[in-house]
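All remarks here apply to the structure that follows.
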Amino acid sequence: MSKWPEFKFYLETKQTHAHDAIKTTHYTLILHSTNFKHLSLSPYTLMASSSSFIFFTFFFSLCIYSVHATAKFDDLFHPYWAPDHFTFDGDAVNMKLDNFSGAGFSSKSKYMFGRVNIQIKLVEGDSAGTVTAFYMSSEGPKHHEFDFEFLGNTTGEPYVVQTNVYVNGVGNREQRLNLWFDPTKDYHSYSILWNQRQVVFMVDETPIRVHTNLEHKGIPYPKDQAMGVYSSIWNADDWATQGGRVKTDWTHAPFVASYRGFEINGCECPVTTADSDNAKRCANTGGWWDQPVLSELNMHQSHQLIWVRANHMIYDYCSDTDRFPSVPVECEHHHH
Numbered sequence: 028m029s030k031w032p033e034f035k036f037y038l039e040t041k042q043t044h045a046h047d048a049i050k051t052t053h054y055t056l057i058l059h060s061t062n063f064k065h066l067s068l069s070p071y072t073l074m075a076s077s078s079s080f081i082f083f084t085f086f087f088s089l090c091i092y093s094v095h096a097t098a099k100f101d102d103l104f105h106p107y108w109a110p111d112h113f114t115f116d117g118d119a120v121n122m123k124l125d126n127f128s129g130a131g132f133s134s135k136s137k138y139m140f141g142r143v144n145i146q147i148k149l150v151e152g153d154s155a156g157t158v159t160a161f162y163m164s165s166e167g168p169k170h171h172e173f174d175f176e177f178l179g180n181t182t183g184e185p186y187v188v189q190t191n192v193y194v195n196g197v198g199n200r201e202q203r204l205n206l207w208f209d210p211t212k213d214y215h216s217y218s219i220l221w222n223q224r225q226v227v228f229m230v231d232e233t234p235i236r237v238h239t240n241l242e243h244k245g246i247p248y249p250k251d252q253a254m255g256v257y258s259s260i261w262n263a264d265d266w267a268t269q270g271g272r273v274k275t276d277w278t279h280a281p282f283v284a285s286y287r288g289f290e291i292n293g294c295e296c297p298v299t300t301a302d303s304d305n306a307k308r309c310a311n312t313g314g315w316w317d318q319p320v321l322s323e324l325n326m327h328q329s330h331q332l333i334w335v336r337a338n339h340m341i342y343d344y345c346s347d348t349d350r351f352p353s354v355p356v357e358c359e360h361h362h363h
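Residue numbers for the sequence shown follow our numbering, beginning at 28 and rising by one.
Shown next as structure tokens:
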């Protein structure tokens, strides 16, 4: 964990008009740090009138809790599979799949609650049959897991991202959506926010999935096992592209995924400490991840999620009556 920087915030505002009646206020947050060189904050555009200041205060609080430093790969991660399939280009890491092997890396530490973010540029061209995964996972048969899986495609087809949530070793909670951009042309941010109230999957800060704590309904929630952070690339042409109908074309190998912008900000858990002790400590530290502002999506994020589901979702396990003749119990209560 990096030491928190000392910082000062400055606010610039600029107002423009759109659609005749709607005033748009652009707030730019400028940060000056005295003991940290690389900090990232996202500017927010807040819509409308006199309530703008209230919304800004809300988002400003979120920014304060989300300040984090971008680390080098070696600070947080190491290869755990096929280290000869890695190349390093400045701050970027390239990981390849060929007809000999895939590859993977893992975090050096485990965490309970917090946020992890990695910028990824996915495999270009004909990537059918390949899967590039970014995920968090604990260990053992009763493990918890939060998955991003990017399913390769034939040239010209949209890239599909599959998310999944495992609780106590049980998954089968897949959702799939088409990304609204070409993820092979540039780096995009993929994030997981995890606290005691919700797990949020985000793409470029847009929430694409929320898994809510429904323990009050008798539904288990992942909050008692420390997780590592992982990424891997491998051949999965038995299922990844069009249900396995399109196989990997090895004449296009090697298939390369590139990474940069490595960020982990959470409650670090010593491997020598029992999960129960880590869970108790991480749940009671008053960490930024448990601030009330992060207990649920705000209004803007809720609208973003609705937009994603309406325009880009192509599969939701909650609606798959062939696999689940009885609706999974959490689907009856989740609003997202």
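Ideal placement from N, C-alpha and C gives every residue a C-beta, glycine not left out.
Check	Outcome
First through last residue of the beta strand (DSSP E) which encompasses His238	233 to 239
Integer Cβ distance of Phe140 from Gly293, believed to fall under 8 Å	6 Å
Reduced DSSP category for Ala253 - H, G, I as helix; E, B as strand; rest coil	coil
Ala306 burial status per 10 Å Cβ neighbour count (16 or more: buried)	buried
Anticipated Cβ contact below 8 Å, Phe177 with Tyr186, distance rounded	6 Å
Buried versus exposed, by CB contacts within 10 Å (16 or more), Ile333	exposed
Under the three-state DSSP convention, the category Asp317 falls into	helix
Residue burial classification, His366 (beta-carbon count within 10 angstroms, cutoff 16)	Past the boundaries of the shown model lies residue 366; the chain is included only from 28 to 363, so the question cannot be answered.
Expected contact under 8 Å - CB spacing of Thr211 and Val150 to nearest Å	7 Å
Alpha carbon of Asn311 to alpha carbon of Lys137, nearest angstrom	17 Å
Same chain, Cβ closer than 8 Å to Lys135, five either side skipped, listed in chain order	Leu103, Phe104, His105
Ser259 to Thr159 span [Cα, whole Å]	6 Å
Those runs of the beta strand (DSSP E) which lie wholly inside the segment 104 to 168 and span at least 3 residues	104 to 108, 113 to 116, 119 to 124, 130 to 134, 137 to 148, 157 to 164
Contact belief for Thr181 with Val120 at Cβ below 8 Å, rounded distance in angstroms	Actually they are not in contact, since the Cβ atoms of Thr181 and Val120 sit about 26 Å apart, beyond 8 Å.
Buried or exposed (CB count within 10 angstroms, at least 16 for buried), Ile57	Any reading at Ile57 needs caution, since the residue's pLDDT is 39, under 50, leaving its predicted position unreliable; the model's value is listed next. Exposed, by the Cβ-count rule.
Residue environment, Ser303, which counts as buried when at least 16 other CB atoms sit within 10 Å	exposed
Proximity of Trp316 and Leu206 at Cβ, strictly below 9 Å	no
Rounded C-alpha distance that separates Val354 from Arg224	23 Å
Proximity to Val226 [Cα-Cα], best of Trp266, Phe175, Ala267, Gly270	Phe175
Rounded C-alpha distance that separates Met364 from Gly313	With the chain covering 28 to 363 only, the question about residue 364 has no answer from this structure.
Extent of the continuous beta strand (DSSP E) to which Trp221 belongs	215 to 221
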